[in-house]
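A.B. asks:
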Amino acid sequence: MGVDLSEIIQRKIIKLDDLKGKIIAIDAYNALYQYLAAIRQQDGKPLMNRFGEITSHLSGLFYRTINLLELGIKPVYVFDGKPPELKYKELERRIKVKEEAEKQYQKAIESGEIEEARSYAQRAIRLTDRMVDDSIRLLTYMGIPYVKSPSEGEAQAAYIAKKGDAWAAASQDYDSLLYASPRLVRNLAITGKRKVPKMDAYVEVLPELIILEEVLSSLKITQEQLIELGILIGTDYNPEGFERIGPKTALNLIKKYGNLRMALKSINIEYKDEYDKIKSIFLNPNVTDNYKLEWNLPDEGKVISFLTGEKDFSQERVKNALQRIRQSPVFKKSQSGLEAWFG
DNA sequence: CTCTAATA
DNA sequence: TATTAGAGG
33 MGVDLSEIIQ RKIIKLDDLK GKIIAIDAYN ALYQYLAAIR QQDGKPLMNR
83 FGEITSHLSG LFYRTINLLE LGIKPVYVFD GKPPELKYKE LERRIKVKEE
133 AEKQYQKAIE SGEIEEARSY AQRAIRLTDR MVDDSIRLLT YMGIPYVKSP
183 SEGEAQAAYI AKKGDAWAAA SQDYDSLLYA SPRLVRNLAI TGKRKVPKMD
233 AYVEVLPELI ILEEVLSSLK ITQEQLIELG ILIGTDYNPE GFERIGPKTA
283 LNLIKKYGNL RMALKSINIE YKDEYDKIKS IFLNPNVTDN YKLEWNLPDE
333 GKVISFLTGE KDFSQERVKN ALQRIRQSPV FKKSQSGLEA WFG
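Just so you know, we're using the numbering used here here: the first sequence kicks off at 33 and counts up by one.
1. Between which two residues does the alpha helix (DSSP H) holding Lys-252 run?
2. Going by DSSP, what residues sit across from Phe-111 in a beta bridge?
3. Residue range of the alpha helix (DSSP H) that Ala-133 falls in?
4. For Asp-59, tell me which candidate among Gly-104, Ser-213 and Gln-42 has the shortest Cα-Cα distance.
5. For a quick check, are the C-beta atoms of Ala-200 and Ile-56 less than 8 Å apart?
6. Ala-202 and Val-179 - do their beta-carbons sit closer together than 8 Å?
7. Should the stretch 255–264 be called in touch with the stretch 280–298, which here means at least 3 C-beta pairs below 8 Å?
8. Which residues in the same chain have their Cβ closer than 7 Å to the Cβ of Gly-375, if we skip the five residues on either side of it in sequence?
9. Please report the residue range of the alpha helix (DSSP H) in which Leu-315 lies.
10. Compute the distance between the beta-carbons of Ile-310 and Leu-118, then report whether it is under 8 Å.
11. Are there 16 or more other CB atoms within 10 angstroms of the CB of Ser-337, so buried, or fewer, so exposed?
12. For the candidate residues Ser-88, Ile-105, Asp-205 and Tyr-137, whose alpha-carbon lies nearest to that of Val-35?
13. Tell me the rounded alpha-carbon separation between Asp-75 and Ser-366.
14. Roughly how many whole angstroms lie between the Cα atoms of Tyr-109 and Pro-177?
15. Assuming Arg-218 is part of the beta strand (DSSP E), what are its boundary residues?
16. Return the Cβ separation of Pro-330 and Tyr-173 in integer angstroms, given the expectation that the two are a contact with Cβ distance under 8 Å.
17. In or out: Phe-83 buried (at least 16 other Cβ within 10 Å) or exposed?
18. Tell me where the beta strand (DSSP E) around Ile-242 begins and ends.
19. Taking the beta strand (DSSP E) that Asp-59 falls in, what are its first and last residues?
20. From the DSSP secondary-structure annotation, give me the bridge partner or partners of Ala-200.
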């Protein structure tokens, strides 16, 4: 979920081509989750291999990564570690929501309501450890770097961008901005047409770029105020937010009163120590310097035996895709001995 | 979502 | 060459 800043911040629609030559730190959970939600058959079931194991996330990860490489974009996938204590309540809530969705899904199936079933199926999606392991395995075979965060993936991705090892962080959530990523790319994993729920209509989803400095200067607030603004709206660590306070009211309060403590005082809400803890999660996130970013040609034998042998991908398609990796500008340049893209 | 084949 | 339907796993 994350903090909802969509109503008050500027975004630039960009073309994927604008990211040519850039390193992008992708929030892996976020991307995998979206593949699981989007890659479905007409009846709403995800793609599965002969053992009934879900493979939608691998299909999305594989083909999307290749497309990025072909555009000259260098992806690095950033995975979550152990969530902060403060997130446990929210994680439990999400599990409950999923369990409920699962029940409603079964109900809808029994009564033959396909549309309903599809919608509940999406809400019931779970990203298992097995799925994460398989994804890491695929990335390793493909020669794509990944980083495991000690804690939140978004925090680590933001840190990598902040240090300048990546040009931007990529996620659907705005939390990266609270973690001070200088740039955030949204809609990187998913672009194209997306069905509007319950309507027979489609909207075009385009990649967009958000520049932290521009957000702060246009809102006329500091980084610390952005974090406090986030807490007012509600974050993963205080998902309930505050009664009747959305993005706009929160912004007004922060600007008028300068900080969270005074903003809360103005509406007669007691300040809790917990808010300081949330602030410090964003200001001093648990991240690591222990990573190495290196893009290598895929180990083709391993990719083929994994995807076609275990996951039932078509051999022809996988081979075709591997060919595209070899031809991608990222490797073409280094193979022909020309100057590397990133010195 | 992305791929491929079919179609204009 | 560009667009679209259906399949992929």
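Glycine included, C-beta positions come from ideal geometry on N, C-alpha and C.
C.D. replies: According to the structure data:
1. Within the first sequence, residue 252 is the residue found at index 220, counting from 1. It is not in any alpha helix (DSSP H) - Lys-252 carries neither H nor E in the DSSP assignment.
2. On the first sequence, residue 111 is found 79 positions in, with the first residue counted as 1. Phe-111 pairs with Lys-180.
3. Within the first sequence, residue 133 is the residue found at index 101, counting from 1. That run of the alpha helix (DSSP H) goes 120–142.
4. The count along the first sequence starts at 1 and reaches residue 59 at position 27. Answer by Cα proximity: Ser-213.
5. Against the first sequence, residue 200 aligns to sequence position 168. Against the first sequence, residue 56 aligns to sequence position 24. Against a cut-off of 8 Å, the Cβ pair of Ile-56 and Ala-200 comes out as a contact.
6. Start at 1 with the first residue of the first sequence, and residue 179 comes out as number 147. Start at 1 with the first residue of the first sequence, and residue 202 comes out as number 170. Their beta carbons are not under 8 Å apart, which means Val-179 does not touch Ala-202 by this criterion.
7. The stretch 255–264 is in contact with the stretch 280–298.
8. As a first step, residue 375 must be located in the first sequence, where it is residue number 343. The predicted position of Gly-375 is uncertain, since its pLDDT is 35 and thus under 50; a value taken from the coordinates is nonetheless stated next. Excluding sequence neighbours, Gly-375 sits near nothing in its chain.
9. Taking the first residue of the first sequence as position 1, residue 315 is located at position 283. Segment 305–315, the alpha helix (DSSP H) holding Leu-315.
10. Counting from 1 along the first sequence, the entry for residue 310 is found at position 278. Counting from 1 along the first sequence, the entry for residue 118 is found at position 86. It is a contact, given that the beta carbons lie within the stated cut-off.
11. The count along the first sequence starts at 1 and reaches residue 337 at position 305. Ser-337 comes out exposed.
12. Taking the first residue of the first sequence as position 1, residue 35 is located at position 3. Nearest C-alpha to Val-35 among Ser-88, Ile-105, Asp-205 and Tyr-137: Asp-205.
13. For the purposes of this step, residue 75 is taken as residue 43 along the first sequence, with counting starting at 1. For the purposes of this step, residue 366 is taken as residue 334 along the first sequence, with counting starting at 1. Roughly 44 Å between the two C-alpha positions.
14. Translated into the one-based positions of the first sequence, residue 109 becomes position 77. Translated into the one-based positions of the first sequence, residue 177 becomes position 145. Roughly 7 Å between the two C-alpha positions.
15. Within the first sequence, the letter at position 186 stands for residue 218. It spans 215–218 - the beta strand (DSSP E) in which Arg-218 sits, taken as one unbroken run.
16. Along the first sequence, one-based indexing puts residue 330 at 298. Along the first sequence, one-based indexing puts residue 173 at 141. The Cβ separation is near 6 Å, so the contact holds.
17. Residue mapping note: residue 83 aligns to position 51 of the first sequence, counting from 1. Phe-83 is exposed by the Cβ-count criterion.
18. Mapped onto the first sequence, residue 242 falls at position 210. Counting along the chain, the beta strand (DSSP E) containing Ile-242 begins and ends at 240–243.
19. Here residue 59 corresponds to residue number 27 of the first sequence, with the count starting at 1. Unbroken beta strand (DSSP E) run through Asp-59: 55–59.
20. Here residue 200 refers to the residue found at position 168 of the first sequence. In DSSP, Ala-200 forms a bridge with Ile-56.
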